[in-house]
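Numbering (the working numbering) for the sequence shown: 20 to 957.
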Amino acid sequence: MPSMSRRVFTSAVLLLLFVMMCCGSGAAPNEASNSGKKIIFQVNESFSDSWNESLVQAFHSFRAPSLACVSGVVVATVEAHYKNSTDQKSCVSIAAKSMISSGGEWTNGTAIVFDHYDVKIDRLLSPTTIANGNDTDALVGGYGASTTPFTNLTDGKYWMPRMAEVMVRRYEDDEEEKKFEWKQFADTSKLPYDFWDGTSTKPKRFKQFLGGGGAGIRMEDKSRYVLPIQALTHDGKNVSLVILAKGFTYGWEFSKDTSDEGCIQPAVLEWNDEIIMMTSCDDGSRRVYWSSAMGKWWMEEYDTLSRVWGNSLNRTGHGVQGGFVSAMIDGQKYILVSRPVYTEKNGKETGRLHLWLTDMQRIYDVGPISAENENVAASTLLYATVEAQPLKREEKKLYCSYEVAAGGGNYNITFVDLTEKLEKMKKVVAAWKEKDAYIAREYVCRNEWENNWYCDCGEALNKGLFGFLSNTSTDSTWADEYLGVNATVNKGKPAADGGLTFEGSGAGAEWPVGKMGQNVPYYFANYKFTLVATVSIHKEPKGSSSSIPLMGVRMNDAQGTLLFGLSYTHEKKWEVTFNESLRNSSAYYGDVGWETNKKYQVALEMHHYDGVSVYVDGEEIYYTKDYEDGEDYNFTQKLRTLLGSHGISHFYIGGDNKSNSEDINVTVSNVLLYNRALNKAKLNALMKKNAVAAAAAKVPAQEVAAQTTNVSEPSHPANVPVVTPEAQQETTSSPQIQHSPAQTSESESGPVISKQSSSDVIEPFTSAGVGMAEEESPGSGALAPASSQTQNAGSHELLGTEMPVSGEHFPPNIDSPLMGQVDTADEESPRIGNTDDQAPHSVSPDVSESVGTNSDPDSFSSTNVSGGVDAAPAPSSTASGETKIPSELNATVPSDHDILLEFRELAALALTGDSTVHMCVSRVLLLLLGLWGTAALC
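Spelled out as structure tokens, the structure:
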């Protein structure tokens, strides 16, 4: 072998060491890495007055950040707190700075130290900014020293709305740089006078008001400006609403309707020509309302986003203001939310700011924005078009500004550029669409009256689909394929043909709802849901044993009381069980029996106004109204009372952890969770009632992989998740998941353990393999188009089928103007009649992703989306809880086998853990081999 020159070898070794150090460096595991992060308002910073530059005031604290983009320039407006030097009164000014677009630097800024119109106004609170061309206005509430905001005092003289105006202009000596300057600080005469004063012919509706904080919006058709405000009514109640304005100085009016009482700190955005308003309510949650009539009425989004986010660790109090904006990602509109996630240490709650992505359906925790050592309070988001120098091109940017505790009850204001996270969110959106495409192809609806296929049923089946448990699992986690909430597993082993097999006392999975703690992405389940799963029972219970729980719902009380569920008995009957306070008889038996090792599709449906339904293979074995009698006539009212007092804790699947039976031996796969009751066609599609190619009614005993099917236990810390979605293959062309006759047993006693190794099962598919699979299955149709959840989720149709009720956990009564949102037309009645027996379906394709759970118990289970096998490795480091997503290097059009090639990138990496150094070293070793070869040629 030729010898390598010493110089070349030495250079190669030095290069290796250098790259290893670079790969091993980066942000600390628990730090949020944000390159554009800066404190822009700092404790004890001084500002000159906008009218009198010789008046300089030092401020000890800054609160209530608000961001606006004016002529491509970002302007930050805040409350600036100080004490008057003469009488030590606490005063609040308005301060502002602008970001110089050429380099991210900020101007020194100025302040309105006091109200020059009325010096008795000592506090200018809750700036709510809105941009208009080269100007931005900040609507604020003005209060005197003796007046506490939102206090029902006899003398309300010294509170009055104010409007502060800012104009942005270019520097005279540098046209590439811009700055802002305050215009004249206007009083209420700038606004329509009778809008605030009781002298108008209309009765005065509110006694006091504050801005909502954050920012207002302009409707996309430019018909109205919309400013969120909070107000005190004449009966002393706090409410949220909006101001609708045709212009900055004319055409102002309050929205005719308001939020529920006790809801303040509103933030607004436009969604499919509707206004969405998020508020902070005294029940400890963030309620979300929508209006398609410009605020003439508000309806609570209780089946999507409402009450998902908690205001504190224990979901109490009003909490703080948060960011709430819409953003265009991959050509569609999505919603971004910033909220603190709280942890408790030494009896004190500390908030770490997180960013969430949602399409008004799925909710994804993008990860932390702030650093671990920052205690964060209020925040605001800005998605805007700004000028990028030196080419003066326009770029879409995402910014966040938030309060950080600085000690002594004082706060700094931090600004951070989050634009890089938009690229990461594209990967999440692509993963959602990929799963939608799988569902659209795997389950097909048929019009039973015309005996033809629905062309849009696949998309309809994706509507309201919040969660999907399929084949991605570890010993303790069953991952949601939509990257949302993961289920916890006890005594579950991956089955070779998909899903998990649960065996033994206490076996089963828990899919958390209220058990999540502060933030509850599946809060809709307290109103209505459909839970569908494929199950097979491998062992008959002993004759003396009681029924064994299979799937059901438990309450969020101290005992984890049963709400209702489906069980199976030693007599081979299905049993529907209830909470004792719901029915006089706590158990009902269906006429349909079950057989060992036969697959069944089961479904649980609940609607808080229609009751409960249970289905087996499309046949309804229980419906509330079929069993109504004189005593049980109030079943739905009892149901609402139970849910209102405690709410749902979790769904149990495959077995109840409270069960001590040793006879548990079942396999569960393809678990789907909807936020609605499904009509007959859609439920039968999920049951595969109309499967084209029906298999034999009897299936072999389930095989179970000896090791984890999709993911090995990670070698990296649990709080640094690694996600590697694998390639999707049809089972007919996937040798890894086909089973020879020698591996199959007809044993009635239980599943046979597969002799395959985990590597045999997990081996990822390359792009070449995908091409081969496509050739082997020419009969498969083209990939179904990904449905646009964004458009569906935001469209509301009013029907008279749903009548919400007042209560702590429910939307207001129908008599209230805030009646709850009603179902869309396709839901029809939740009641589904009996249907023909179902032919069992073939094993569905494996749709799995390697998922690492977020260690933070109060944040949603984040899932990272990586690229394909041939793509570049993941970035070297990310912060705890952040999405670890490589750049989009090999994105392709989705193939007939479901997934962008990009999602197959690191499927095998999960077997050995997430070692950035290993990935970097592998590339450098290739470089060394190249250098060695070069030296040999020399």
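Positions of the beta carbon are idealized from the N, C-alpha and C atoms, including for glycine.
It should be emphasised that the depicted structure is a prediction, and the values quoted were computed from it without experimental measurement.
When you compare only the Cα positions, how much space is there between serine 387 and lysine 644?
Correcting the residue identity first, residue 387 is proline in this sequence and not serine. Near 47 Å, if we compare the C-alpha coordinates of lysine 644 and proline 387.
In three-state terms, what does DSSP make of tyrosine 383?
strand
Rounded to a whole number of angstroms, what is the C-alpha to C-alpha distance between aspartate 106 and arginine 82?
22 Å
Under a Cβ-count criterion, where at least 16 other Cβ atoms within 10 Å of its own Cβ denotes burial, should glutamine 249 be classed as buried or exposed?
Counting Cβ neighbours within 10 Å, glutamine 249 comes out buried, since at least 16 surround it.
What are the boundary residues of the alpha helix (DSSP H) that includes asparagine 598?
Careful: asparagine 598 lies outside any alpha helix (DSSP H) and carries neither H nor E.
Do the CB positions of glycine 637 and asparagine 703 come within less than 7 Å of each other?
yes
Simplified DSSP assignment, three categories, for glutamine 351
strand
Between the alpha carbons of proline 905 and serine 555, how many angstroms are there, rounded?
The pLDDT assigned to proline 905 is 35, lower than 50, so where the model puts this residue is not dependable; a value taken from the coordinates is nonetheless given after this. Looking at the two C-alpha atoms, the distance is approximately 39 Å.
Excluding the 5 residues flanking alanine 397 on each side, which residues of the same chain have their C-beta closer than 8 Å to its C-beta?
Result list for alanine 397: Arg82, Ala83, Pro84, Gly232, Val339, Gln340, Gly341, Tyr421 and Glu422, in chain order.
Got a sec, what are the start and stop residues for the alpha helix (DSSP H) arginine 460 sits in?
438-461
For alanine 312, which of helix, strand or coil comes out of DSSP?
coil
Excluding the 5 residues preceding and the 5 following alanine 157 in the sequence, name in chain order all residues of the same chain whose CB lies nearer than 6 Å to its CB.
Thr96, Pro146, Thr148 and Ala183
Given 8 Å, three or more beta-carbon pairs between the region 300-315 and the region 258-275
yes
Residue range of the unbroken beta strand (DSSP E) whose run includes serine 489:
That run of the beta strand (DSSP E) goes 484-492.
DSSP state of glutamate 846 mapped onto helix, strand, coil
Caution applies to glutamate 846, whose pLDDT of 42 falls short of 50 and renders its modelled position unreliable; the model cannot decide the point.
Along the chain, which unbroken stretches of the beta strand (DSSP E) at least 3 residues long are found entirely within the region 507-536?
Those beta strand (DSSP E) runs which fall completely within the region 507-536 and span 3+ residues are 511-513, 519-522 and 527-531.
Which word fits tyrosine 308, buried or exposed, when buried means at least 16 other C-beta atoms lie within 10 angstroms of its C-beta?
Buried: at least 16 other Cβ atoms inside 10 Å.
Paired residues, beta bridge with glycine 571 - DSSP
Per DSSP, Gly584 and Tyr671.
Compute the Euclidean distance between the alpha carbons of histidine 626 and arginine 659, then round it to the nearest angstrom.
10 Å
Residues bridged to leucine 263 [DSSP beta-bridge criterion]
Val245 and Glu272
Can you give me the C-alpha to C-alpha distance between asparagine 509 and lysine 108, rounded to a whole angstrom?
60 Å
Hey, out of Cys300, Pro560 and Arg237, whose CA is closest to histidine 589's CA?
Pro560
Nearest-angstrom beta carbon gap, tyrosine 353 and aspartate 378 [assumed within contact, 8 Å]:
For a cut-off of 8 Å, the C-beta gap from aspartate 378 to tyrosine 353 is around 5 Å, short enough to register as a contact.
Quick one: Cα of tyrosine 269 to Cα of asparagine 431, how far?
36 Å
Could you tell me if glycine 426 is buried or exposed, where buried requires 16 or more neighbouring beta carbons within 10 angstroms of its beta carbon?
exposed
CB-CB under 8 Å to serine 73, same chain, minus the five flanking residues each way: which ones, in chain order?
Ser67
Taking the beta carbon of histidine 253 as the centre, do at least 16 other beta carbons fall within 10 Å, making it buried, or is it exposed?
exposed
Measure the CB-CB distance between serine 112 and alanine 87 and report whether it falls below 7 Å.
no
Please tell me whether tryptophan 178 and serine 69 are closer than 7 Å, where the distance is taken between their beta carbons.
Result no, Cβ atoms of tryptophan 178 and serine 69 do not sit closer than 7 Å.
Would histidine 669 pass as a contact of tryptophan 530 if the rule is Cβ separation under 7 Å?
yes
How is the alpha helix (DSSP H) around glycine 663 delimited, first residue to last?
First-last of the alpha helix (DSSP H) with glycine 663: 654-664.
By how many angstroms is the C-alpha of tryptophan 328 removed from the C-alpha of glycine 303?
9 Å
Contacts around cysteine 300, its chain only, beta-carbon distance under 7 Å, and the 5 residues preceding and following it disregarded:
Asp279, Gly281, Cys282 and Arg306
Tell me which residues share the same chain as isoleucine 781 and place their Cβ nearer than 6 Å to its Cβ, disregarding the 5 neighbours each side in the sequence.
With a pLDDT of 26 at isoleucine 781, under the threshold of 50, the predicted position of this residue should be treated as unreliable, though the coordinate-derived value follows. Taken in chain order, the list of residues that qualify is empty.
Please state whether the Cβ-Cβ distance between glutamine 76 and tyrosine 101 is less than 7 Å.
yes
Could you give the residue range of the alpha helix (DSSP H) that holds lysine 699?
699-705
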